[in-house]
Each structure stands twice: as structure tokens, then as C-alpha cells.
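Visitor: Structure incoming, see below.
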Amino acid sequence: MAETASQALDPELKATIQAAYRQVLEGLELTPRYGQRLMIAEIARTLGGIEADDAGRRLSNEHVCVLEAGTGTGKTLAYLLAALPIAQARGKRLVISTATVALQEQVLHHDLPALKAHSGLDFEYALAKGRGRYLCVARLDQALEGGEDNPTLSLFEEAMTSRDGDDFQALAHEMAEAYSAGRWEGDRDSWPTGIDDADWRRLTIDHRQCTNRRCGHFGACAFFRARRGLDQADIIVANHDLVLADLSLGGGLVLPSPKECIYVFDEGHHLPDKALDHFYHRLPVNGTLRWLRTLKKSLTELNTALAVQPTLARLLGSLPEAIAALEPRLGEAFAMGHRIAELEHGLPEEASDAVHHRFSMGRVPEALSEQAGAMVTAFAELSRTLESMADILRESLDPEKATGLPREQAEAWLPLIALLHGRALEAHALWQALATADPEDGVPQARWLTFERVAGEAELTFSASPVSAAETLARHLWGTCYGAVVTSATLTALNRFERLQERAGLANRYRYQRLPSPFDYSRAVLSVPPEAVDPSNREAHERALIDFTQALGEREAVLMLFSSRKQMRAVLDALPEAVRQRVLAQNHLPKRELLQRHRARVDAGEGSIIFGLASFAEGIDLPGEYLTHVVITRLPFSVPDDPVGATLAEWIESRGGNPFMRISVPDASIRLVQACGRLIRKEADQGRITLLDRRVLTRRYGRALLDSLPPFRREIDGMAQ
18 MAETASQALD PELKATIQAA YRQVLEGLEL TPRYGQRLMI AEIARTLGGI
68 EADDAGRRLS NEHVCVLEAG TGTGKTLAYL LAALPIAQAR GKRLVISTAT
118 VALQEQVLHH DLPALKAHSG LDFEYALAKG RGRYLCVARL DQALEGGEDN
168 PTLSLFEEAM TSRDGDDFQA LAHEMAEAYS AGRWEGDRDS WPTGIDDADW
218 RRLTIDHRQC TNRRCGHFGA CAFFRARRGL DQADIIVANH DLVLADLSLG
268 GGLVLPSPKE CIYVFDEGHH LPDKALDHFY HRLPVNGTLR WLRTLKKSLT
318 ELNTALAVQP TLARLLGSLP EAIAALEPRL GEAFAMGHRI AELEHGLPEE
368 ASDAVHHRFS MGRVPEALSE QAGAMVTAFA ELSRTLESMA DILRESLDPE
418 KATGLPREQA EAWLPLIALL HGRALEAHAL WQALATADPE DGVPQARWLT
468 FERVAGEAEL TFSASPVSAA ETLARHLWGT CYGAVVTSAT LTALNRFERL
518 QERAGLANRY RYQRLPSPFD YSRAVLSVPP EAVDPSNREA HERALIDFTQ
568 ALGEREAVLM LFSSRKQMRA VLDALPEAVR QRVLAQNHLP KRELLQRHRA
618 RVDAGEGSII FGLASFAEGI DLPGEYLTHV VITRLPFSVP DDPVGATLAE
668 WIESRGGNPF MRISVPDASI RLVQACGRLI RKEADQGRIT LLDRRVLTRR
718 YGRALLDSLP PFRREIDGMA Q
């Protein structure tokens, strides 16, 4: 039995953290904050208390802490100061994961340089991105030669319409010159101008298509150069999508293995939704038929290029039969889906949006389940064939292996075969999800059909998704990592962590704490005025919004949050011209330009009113005079009418639960806190929050929603409380 190393936070490590904190405060001339000190202590206690064996393998199971830290706590410096010395002492890597580019850039370009300059800690850091953000030098080389790497690859790249050839060639030459001169590191995000998606697809590659060390351009590869930088880094800055993508591939492909990592998930409330996105499967029937038919038409070229190798010749010989088995089954599935949804004649002419047909409790009809089972077998055979072909092509790139296929042929055709293998695997996963019944007592998967028109043609898409990422995160993330910190300004719902635990698979045994904010919330007033109306009376509510907007002060800096684009437009259209001139409406302008215009108006002493939807309730930073009044037009309930939310609600109801109280109210609580959080961004900020939804006073959940907000001064129907 392995010996256990005592991993309590030793005095030397504690002294290192304390000294680094003092130096940062002095160097940056910061005032120590109580919440920040508590956060450092909590993280140090959790990570320092992890027990491990002599090989560094974690043995204890209280290795995660979940900390709600409001704006102004200084949480980034807190988690860096606490986690970095412990990670270095334990021989682990610290992975900082964010949900947004804005926070990632702040950590990378502001917080880490400041920490390195002032803490006395010695460390290196690097940014991690997925392979698809980097230039493939081999594909750039092919582009410079003026052609595709094989005659049929472009037929398989959907939406490959690009700018004309001269423009693309000019871009390729400009990139080649910048990359070879060392002025550009080969990642899409640092190119000085935006790159068209279709152009970028011709210049990048995925993990299946990449030949790694067997590539003739491996030494100059942008992605692997960046990977070498990661190998030297004590701190790796990533995002939730990259961490989850790496975990879904088994871990350790782009980032270090989870067991060698201490993760910090900043903006951690986004993690469950991001995780769901990674385990969602879809298959457009006609889109799949198109690539199968293109493959069939390309078999002559494939045989000419690859059949000189005996095993490849045999595998290619099996493809016509595999395609012939799939085409009629996909046609039957297309017809069956229309019959199930009672749309035998397709979408009505007047239908402008996609139409969903959700299977109750995720249970598909027996006939469709049988059809899916047959499809699983057929796509499994196709996947195996394409995987075997890709393996031989990769081996043919190795000069030490004599496969009988020239390297040039293998290098030219591997990207296409790898692309097709990926599509076959995706199709197999979707049909597997439709063919496999859910466990009797388990949470069901959501399964549904989507009918729409794509480029004027009818399309039917089969989809399946887990309704919760909890089990996946519990097993593949929390269960495998060395340690983790989850933090955000909004992790609790109705003042409790239960909703996050349920969605993210976080165990009760982990450490949970809400840290005190440095802000004086009594500087703001939360008002439910007499004008507040129950939104169920749509006309009265809309009229109240119009009247309230007209009555706003001419010099006020206002953010008005709507839950409906239609209502936002209706209110805007009904305003007098003089008021409408002060309004900056979301979607009329890019977000960045809208905020710049708003600040410019405030700087000029003018009034400015931003009309925004849900995305403006989070991530908008307008401190001081730039925002003195937040208006919330209605409580931010979301109706679980999407197939995933509706299936979860149905399952909760089937077990005697109340989905409104269990999902809708807690989630509305989080969104309401986020919306109110737009007002107080710095210690001296003050102003007013107006809630124009009377349900907060008349419904039984209203008190709980109000009590989950910070301790603003309250004003109800014009009376101070």
C-alpha cells in the first residue's frame, strides 16, 4: 500500500504566500481587503490539505473549494497568490480557466504581469488555445502553391465559399512572410485583421487530420511551438471550452493530464452549460447524405491515388457496400421523422423558423430506436474502415515504416480521410444516443427532431443531449484532477449552493463559502415603484415601460434590461423622438461601439439610455457616472421550452417535483443578482435599481428573490422600507 505524504500547509509555504501578498499590496499600492484575505486562506487550506502518495497521486477527496466572491473582492490575485506556491511545491501545474475572452485577456495581460513584477514569486506562464486557433504550416504551404491538397477535399468542407482566389493568395503570402520573419506566432487571434471563416478553414487543421511529428513541417508548427511553451509554464491560462474539449478526448492532449493539474475555474457559473455543449450530438440527414454521395463519387480518385497499397485497396473496396447500406436507411429515417412529427408534407410554407419535435422523457418510438440501432452498426463499420485507412496513411509518413504507399500520396489524402472519419464518429455517437435506452431511475437524455429549410432545401436534424452535465463533470473533472477552485461573483441561487452542486456535480464534502463584499450596498436604492405592473398583462406592462422611460431624467446614465427583443423594439418605437435620440439599442450597433458612444455621451454631460437584452446583464462594466440607474423590466425567468430544459422539467415533474421552484426560480435569482450587479462596480459607486415587475411583491417566490440580493436600501411603491 502506498505511503501517504502529509500535505497540510507547512509553515514555510504559508510564510511564502503571506510574504507574496504583502509585497503585491505594497507594489501595487492596494488596500488589503477582508474578503480577499479570507479567499486566500480558504484556497490555501483546501489545496494545502490534499493528501497524496509518494508519487504525487491524490488520495483525499476534499480537494475542491467553491467560493462566491463578489465584484471588488480582488479574487484573481487571491487565487493566484494562494494556488501558485502550493502548485509549485506539489509539482503540479496551475490551470486558470475563464469563460470569456475579456477575463482571459485581463488575467494574461494585467494580473499575471503584476503578480510577477511585485510578488517575489518566480514563475512562467503561457496561454493555451485549441489546435483550430493555429495556422497549419503544411496547409499554408499548399495554399502558396495555389491548390488544394487533393482534388476532392474542398467538396467535403461545408460552406467553403471564400473570397476570390487573388485575395486568398494575397492573405496566404502575407501570413507566410509574417510567420517566417517571426512577426506573427501563427494564431488566428493575434493576426492584425479579422480572417474570414472560410479562409481560415483552408489554413488550419484538427487533431485527426494532423500528422504530428510525421509532418514535414513539424519543426515550424505554430501549434506545437505553443505547446512547447506550455511545457515550461507553471501557470497555463485557458478557457472552459478548451479544458472540457481536452477532457472529452481523454485529457492530456492539449493541457497537462488532470491528475497533474490544479484548476481554477473563474466565472465558474458558466461551466455546467459549457459542459453540456460538449456532449450534445446532432445529425442533419440531408447533410450526411451529401457527404456520403460525394465520397461515393470520389472513390475512383481515391482508388487511383491509394489502391497501390493492398490493405488500402481492400478497405476502399468495402466502401461502396457500406455507403449503399447507409443511403436507404437515412432516407427511411428522414421519412420516419416526418411521419412521427405529422409533417409528411414537410414544413408549411408560412413556417419561417425551425420546428422542434421533442420526444417526451427522451423516449423515442420503438421503430425509430430499431432504425437507430441498425444505423449504429452501419456507421461503426464505416468508422472502423476510415480509421484503419487513416492509420495506414499516418504510418506511410514514417520513413522507418514501409507500407508501400508513397509519402506524398499519404500526406495529400490523410486530411480528407481523417475528416470523413470524424464525421462518421459523430454520426455513430448520435445514433447510439437514440438507440440506447436511459437507465430506469436515471436522468433521461433529451432527444428531438428539428425541421427547417437550409438554402431552400428541407432538412431534418436528429439531436440528443444530456439534460445535466453533473455526472460527467463529477467523473471526468472533479474525480480526476489533483485540486480545483471554482469561483465567480454569482454561484449561489437564493443564497444557497445547491443549484450549482446539482448542475456541476459538486459533492457535499467540498468546501463552500460566500465571501463578504467590500462594497457598501446601502449607497444604492432598490425600488419597486407604483408603476411596476404584472407582465402577464402585456399591454399594461408595455405602456408602463414607455411611460417610465419617458420620465427618466435627461442627464441620467441608464441601463434598461429587457427579456424580449420584441418588447424592446415596441417600447423604442413608441417613444417620442426626443427620448428615442437618447437610446442606444442592442443589435443596432456592435456592443463595443454602443458602450463607447454611451461613455462619450456621459463624458459630454448628456443623458444616455442603453436598451439591452439578457447578454447585457452580465459582463458590462460601467463604473461611476457611466451608470447610475439600472432598470429591470421583468423578473428574468426563462421558460424551459428548449428541448433540453423541457425534458429536465418533465423528468422533475414525473418524480413529484416542481420544476418552476427547483429550476426557474433559482436560475432567475442568479440572473437578477447579475443584473443588479451592473450598478455597483467600485467602492464609491451609487445609484438606483428599478424593478418594473410587480410579481416580486405579489407572488410567494418574490420575497426569496428580493432577499437573495445584496443589502440595498429598499423603496417599495415610493416608500422607504
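Each step along the sequence shown adds one to the number in this note's numbering, with nothing skipped, and position 113 is 130.
Ideal Cβ positions, reconstructed from N, Cα and C, are used throughout, including at glycine.
1) Assuming Gly65 contacts Ala86 (C-beta within less than 8 Å), just tell me the rounded distance between them.
2) Please classify Ile34: is it buried, with 16 or more other beta-carbons within 10 angstroms of its beta-carbon, or exposed?
3) Tell me the rounded alpha-carbon separation between Leu7 and Ala155.
4) So, with DSSP's three-state summary, where would you put Glu202?
5) What are the boundary residues of the alpha helix (DSSP H) that Cys498 is part of?
6) Of all the options Thr507, Ala595 and Leu611, which has the alpha carbon lying nearest to the alpha carbon of Asp683?
7) What is the rounded straight-line gap between the Cα of Leu722 and the Cα of Glu457?
8) For Arg310, which three-state DSSP category applies?
9) What residue does the beta strand (DSSP E) around Met378 start on, and which one ends it?
10) Quick test of the definition: if touching needs 3 or more C-beta pairs under 8 Å, does the region 383-392 touch the region 510-525?
11) Which runs of the alpha helix (DSSP H) fall wholly inside the region 422-469 and span at least 4 residues, in chain order?
12) So, is the C-beta of Ala429 closer than 9 Å to a C-beta in chain C?
13) In the DSSP assignment, find the beta strand (DSSP E) that holds His605 and state where it starts and stops.
14) By the DSSP assignment, the beta strand (DSSP E) with Arg299 in it spans what residues?
15) Using 8 Å as the Cβ pair cut-off and three pairs as the minimum, do the region 441-459 and the region 356-372 touch?
16) With a 10 Å radius around its C-beta and 16 neighbouring C-beta atoms as the bar for buried, classify Ser580 as buried or exposed.
17) Any idea if His605 is buried or exposed, counting beta-carbon neighbours within 10 angstroms, 16 or more meaning buried?
18) Which whole runs of the beta strand (DSSP E) in the region 558-613 are 3 residues long or more, in chain order?
19) For the beta strand (DSSP E) that contains Tyr529, what are its first and last residues?
20) Where Thr664 and Pro533 are concerned, what is the direct C-alpha to C-alpha distance, given to the nearest angstrom?
21) Select from Asp283, Leu309 and Pro327 the residue whose C-alpha is nearest the C-alpha of Gln123.
22) Once you ignore the five residues that flank Asp638 on each side, which residues in its own chain have a CB closer than 7 Å to its CB?
23) For Trp465, I'd like the list of residues in its chain whose CB is within less than 7 Å of its CB, leaving aside the five on either flank, ordered along the chain.
24) Whose C-alpha, out of Arg230, Tyr196 and Leu188, is nearest the C-alpha of Gly211?
25) Using C-beta distances below 6 Å, list every residue in its chain close to Ala435, excluding the 5 sequence neighbours before and after it, in chain order.
26) What do you get for Leu261, buried or exposed, if any count of 16 or more other CB atoms within 10 angstroms of its CB means buried?
27) Quick one: give me the first and last residue of the alpha helix (DSSP H) that Arg730 is part of.
28) Rounding to the nearest angstrom, what Cα-Cα distance links Ala384 and Leu288 in this structure?
29) The alpha helix (DSSP H) that contains Gly662, what's its start and end?
30) When DSSP labels each residue in this structure, what does Ser625 get in the three-state scheme?
31) Mark Ser505 as exposed unless 16 or more other C-beta atoms lie within 10 angstroms of its C-beta, in which case mark it buried.
32) Measuring only the C-alpha atoms, how far is Trp217 from Pro676?
Guide: This is what the structure holds:
1) In this structure, Gly65 and Ala86 do not form a Cβ contact; the two beta carbons are roughly 19 Å apart against a cut-off of 8 Å.
2) Buried is the call here.
3) Nothing about residue 7 can be reported from this structure: the residues present for the chain run from 18 to 738 only.
4) Residue state, collapsed to three classes: coil.
5) Run containing Cys498: none; DSSP gives neither H nor E here.
6) Reading off the sequence, residue 683 comes out as Pro, not Asp. It is Thr507 whose Cα lies nearest to the Cα of Pro683.
7) Leu722 and Glu457: Cα-Cα distance of roughly 35 Å.
8) Judged by DSSP in its simplified three-state form, Arg310 adopts helix.
9) Here Met378 belongs to no beta strand (DSSP E), and DSSP marks it neither H nor E.
10) Segment contact: the region 383-392 against the region 510-525, fewer than three CB-CB distances shorter than 8 Å; contact not assigned.
11) List check, alpha helix (DSSP H) in window: 424-452.
12) In the structure shown, chain C cannot be found, because there is only a single protein chain.
13) In the DSSP assignment, His605 falls outside any beta strand (DSSP E) and carries neither an H nor an E.
14) Per DSSP, Arg299 belongs to the beta strand (DSSP E) from His298 to Pro301.
15) Not touching, per the Cβ criterion.
16) Buried is the label assigned to Ser580, since at least 16 other Cβ atoms lie within 10 Å of its Cβ.
17) Exposed, by the Cβ-count rule.
18) Every unbroken stretch of the beta strand (DSSP E) spanning 3 or more residues and falling wholly within the region 558-613 is given here in chain order: 574-578 and 600-602.
19) Counting along the chain, the beta strand (DSSP E) containing Tyr529 begins and ends at Arg528 to Leu532.
20) Thr664 and Pro533: Cα-Cα distance of roughly 37 Å.
21) Relative to the Cα of Gln123, the nearest Cα in the group Asp283, Leu309 and Pro327 belongs to Asp283.
22) In its chain, beyond the 5 residues on either side, Arg698 have a beta carbon closer than 7 Å to the beta carbon of Asp638.
23) Result list for Trp465: His373, His374, Arg375, Phe376, Ser480 and Pro660, in chain order.
24) Comparing Cα-Cα distances from Gly211 to each of Arg230, Tyr196 and Leu188, the minimum goes to Leu188.
25) Cβ neighbours of Ala435 within its own chain (closer than 6 Å, five residues either side excluded): Arg225, Gln226 and Ala407.
26) Leu261 comes out buried.
27) DSSP places Arg730 outside any alpha helix (DSSP H); the residue lies instead in the beta strand (DSSP E), whose first and last residues are Arg730 to Ile733.
28) Across the structure, Ala384 and Leu288 are spaced so that their CA atoms are roughly 36 Å apart.
29) In the DSSP assignment, Gly662 falls within the alpha helix (DSSP H) that extends over Pro660 to Ser671.
30) In the structure shown, Ser625 falls within a strand segment according to DSSP collapsed to helix, strand and coil.
31) Buried.
32) Going by the C-alpha atoms only, they are around 43 Å apart.
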